[in-house]
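These notes are about the structure you will find just below.
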DNA sequence: CGTTTGACTACGC
DNA sequence: CGCGTAGCCAAAC
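Residue numbers (the numbering used here): 16 to 166.
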């Protein structure tokens with residue numbers, strides 16, 4: 016698919032991906048970056064090495080104008096934390112929105128990816144967009160708030 | 001123009 | 001584990 020597009024086009028693509036993240040789930044800058052093919056090819060494990068920092072730039076542009084069609088608050092860093100300055104107004108807004116969607120933070124202000132991490136978009140959508148399927152952020156099946164007994 | 005600075009990550013002590 | 005560092009490239013200084 017396309018080589019690395021100009022920044023404007025790149026942002027549009029990133030925003031399209033972010034729009035796929037369902038309410039009540041989170042993704043990371045790195046996970047999004049790994050979906051986008053880079054001109055220099057892919058890693059040994061099949062994923063592109065696109066600089067996740069650009070994804071951060073794209074998110075910064077959104078939160079600035081607070082485009083309501085883009086759930087920018089669902090994008091956090093690989094440590095499971097909000098990546099904005101902790102004291103900033105924007106960080107507070109992001110945290111409030113995530114809490115409102117039922118996402119919890121542990122004592123270290125981290126989100127548990129095993130419970131709220133996005134597993135990526137539908138494969139059909141990726142094919143259509145010419146993107147890689149990302150690795151799931153979950154290392155084990157999500158155990159809901161209360162797990163169900165099978166007898 | 002050279003420098004500095006990022007909503008980042010992976011890796012090594 | 002936690003913290004420091006190197007590597008990334010575009011944008012702002």
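Glycine is no exception: its CB is placed at the ideal position from the N, C-alpha and C atoms.
The structure displayed is predicted, hence computed values, not measured ones.
Leaving out five residues before and five after residue 48 in sequence, what residues of the same chain have Cβ atoms less than 6 Å from its Cβ? 65, 67 and 70
Cβ distance (whole Å) where residue 131 is taken to contact residue 35 below 8 Å: Between residue 35 and residue 131 the Cβ distance is about 15 Å, and since that is not below 8 Å, they are no contact.
Could you give the C-beta distance for residue 90 and residue 24, rounded to a whole number, given that I count them as a contact under 8 Å? Contact doesn't hold; Cβ gap of about 19 Å is too wide.
Give the list of continuous alpha helix (DSSP H) stretches no shorter than 4 residues that lie fully inside the stretch 65-108. 67-80
With a threshold of 16 other CB atoms inside 10 Å of the CB of residue 145, please say whether the residue is buried or exposed. exposed
Under 9 Å between the Cβ atoms of residue 50 and residue 138? no
Measuring only the C-alpha atoms, how far is residue 33 from residue 96? 17 Å
Hey, how far is the Cα of residue 105 from the Cα of residue 155? 31 Å
Can you tell me whether DSSP reads residue 45 as helix, strand or coil? helix
Do residue 116 and residue 101 count as a contact pair if the criterion is CB distance below 9 Å? no
Around the Cβ of residue 37, are there at least 16 other Cβ atoms within 10 angstroms (buried) or fewer (exposed)? exposed
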